[in-house]
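Numbering follows full-length UniProt numbering, in which position 211 of the sequence shown is assigned residue number 211; successive positions increment by one, without gaps. For each residue, glycine too, the CB sits at the ideal point set by N, CA and C. Down below is the structure, laid out as structure tokens.
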Amino acid sequence: MALYAAARRATASSAPLLRAATSGAPRGAALLRPLAAAVTRPQPRAMPFSSVPATRPTSDTELLSVIDSEIKYARDCDDHDRVEQIPENFPFKIIDEKGMNAITLTRTYQGEQIEVIVHMPSLVSGEEPDHDNDGENDDDKEGDSNQEDEGEKPSHSSIPLTVTISKADGPTLEFTCTAYPDEVIIDSLSVTQKSGDDEKDLIAYEGPEFNDLDENLQKAFHKYLELRGISPMTTNFLHEYMINKDSREYLLWLMKLKEFFKQ
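And the structure:
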């Protein structure tokens, strides 16, 4: 009871001071009102973080426009929906995967497994590089230029081939060839044999350069490949096939680029 009475007396003694602070000091209340308003004012919401820029960079927009133009040009110039008619006597099965820069040909011939990797064509102009001579006058140069124009070789394409011929348990022959219109050139020939673990670190002898072989032996190997389907008839069809594939793959590549810059 004594503690309760003391608390009552303390409250009674401080009441006049509290009334004076609130009723007699309007200046203090005015100072508190802006603080209360700031506390109760709704705060702006934080925007969620995003890694995507608000606007596309100008350089990307310009590049996307150029890509669109190139796609339209490629579609107008080439017949991408055309399906090549495979000759009836074509000896190989064609494995053509979209997005790849080569096709695979396979066949079996007299117990041999033959696989041919056909790469994209490359353009060969047949022109010789110009070599200027300091002591040559302009008239001589013009005359030489006219002679070169008259004897200029037409541009043509070539396709690289890798021909692998293997038997069940025997060695494997690998030819690297270059196929021109109506002609197949053998660039190299190597022989590989399955070796045991104790021979895996040895360096195999791959034989001499193909052009260094006896001429009759070179002709025999050309005949060997021709009997197995690597003939001008086959490579001429492959020229057309690979040129069309190159156009299709280029258009597909452009479409992938477009998708990247659209995101």
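Reduced DSSP category for residue i - H, G, I as helix; E, B as strand; rest coil
i, result
"Tyr73", "helix"
"Gln147", "Low confidence applies here, because Gln147 scores a pLDDT of 47, under 50, leaving its location unreliable; read the following figure in that light. Note: Gln147 maps to helix in three-state DSSP."
"Phe260", "helix"
"Gly135", "Reliability of the predicted coordinates at Gly135 is poor, the pLDDT of 48 falling under 50, and the value obtained from them is presented with this limitation in mind. Coil, per DSSP."
"Phe92", "coil"
"Ser231", "coil"
Terminal residues of the beta strand (DSSP E) in which residue i lies
i, result
"Glu226", "Element bounds for Glu226: not the beta strand (DSSP E) but the alpha helix (DSSP H), Glu215 to Leu227."
"Pro160", "His156 to Ser166"
"Tyr205", "Careful: Tyr205 lies outside any beta strand (DSSP E) and carries neither H nor E."
"Ser190", "Glu183 to Thr192"
"Ile114", "Glu112 to His119"
"Ile103", "Ala102 to Tyr109"
"Glu174", "Thr172 to Tyr180"
Residue i versus residue j: straight-line alpha-carbon distance, rounded
i, j, result
"Phe90", "Tyr73", "33 Å"
"Ser231", "Leu63", "44 Å"
"Thr235", "Glu183", "8 Å"
"Gly229", "Phe92", "8 Å"
"Val163", "Thr61", "45 Å"
"Gly170", "Ala220", "20 Å"
"Ile165", "Glu112", "7 Å"
"Asn101", "Ser190", "24 Å"
"Glu209", "Phe175", "12 Å"
"Ser59", "Phe261", "10 Å"
"residue 265", "Gly99", "The structure shown has nothing for residue 265, since the chain only spans 1 to 263."
"Tyr109", "Arg75", "40 Å"
"Met233", "Gln263", "46 Å"
"Ala168", "Glu88", "29 Å"
"Asp212", "Lys223", "18 Å"
Presumed contact (8 Å Cβ cut-off) between residue i and residue j, rounded CB distance
i, j, result
"Thr172", "Pro160", "Incorrect: roughly 19 Å between the Cβ atoms, too far for contact."
"Leu225", "Val118", "Leu225 to Val118, Cβ: 14 Å. No contact."
"Glu70", "Leu254", "6 Å"
"Ile243", "Ser157", "7 Å"
"Ile67", "Leu257", "6 Å"
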